[in-house]
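Student:
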Amino acid sequence: MVVDFDPAVMPSVQSWIRYPLLLVYAWKAHTICTVRNGFIDAQDEKAKMVSTFPVAAMAMADLLVGLATFYAGALGVFASYLIFCGGSVLKGLLMLLVGTPALVWL
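Put into C-alpha cells, the structure is as follows:
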C-alpha cells in the first residue's frame with residue numbers, strides 16, 4: 002500500500018505535515034555537521050572523505066529511513082485522531098498504542 006500525502010487525496014494532512022518534517026531534516030543536518038566538525042577539529046584525514054558522493058548518498062538513504070519512520074508515525078497518530086473524533090475511544094487507543102508502533106516498525 003502506498004500512502005500519498007497529496008492535498009487532493011488527504012487535504013487535512015498536507016497543511017500541517019511540512020512543519021514537523023523540518024524537525025527530521027534538522028536532526029539529520031545536525032548529525033552530519035557534528036560528525037564533519039568532529040573530523041575537522043581532530044584534523045583527521047577523514048574530513049575530506051565526508052565531502053564525497055558516497056557519504057552524501059549514505060546520508061540521503063538514512064534521511065529516507067527517517068522520513069519514512071516519521072510519516073508512518075504521523076499517519077498512525079492522524080488515524081487515531083480520526084477514530085477518536087468518530088467517537089470510538091477504545092479503537093482510537095488501540096490504534097495509538099498498537100497500530101502506530103506497528104506502522105513505524107514496518
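The sequence shown begins at 2 in our numbering and counts up one residue at a time. Just so you know, even glycine gets a beta-carbon here, dropped at the ideal spot from N, CA and C.
Is it buried or exposed for T101, if we count other Cβ within 10 angstroms and need 16 for buried?
Tutor: So T101 counts as buried.
Student: Would you tell me roughly how many angstroms separate the C-alpha atoms of D45 and Y72, rounded to the nearest one?
Tutor: Taking the straight line from one Cα to the other gives about 37 Å.
Student: Exposed or buried, which one is L107 when buried takes at least 16 other CB atoms within 10 Å?
Tutor: Exposed.
Student: How about F85 and G74: are their beta carbons less than 9 Å apart?
Tutor: The answer is no: Cβ separation not under 9 Å.
Student: Going by the beta-carbon positions, is the gap between L95 and G77 smaller than 9 Å?
Tutor: No, Cβ-Cβ distance for L95 and G77 is not below 9 Å.
Student: Go ahead and label S81 buried or exposed: buried means 16 or more other beta carbons lie within 10 angstroms of its beta carbon, across all protein chains shown.
Tutor: S81 should be labelled buried.
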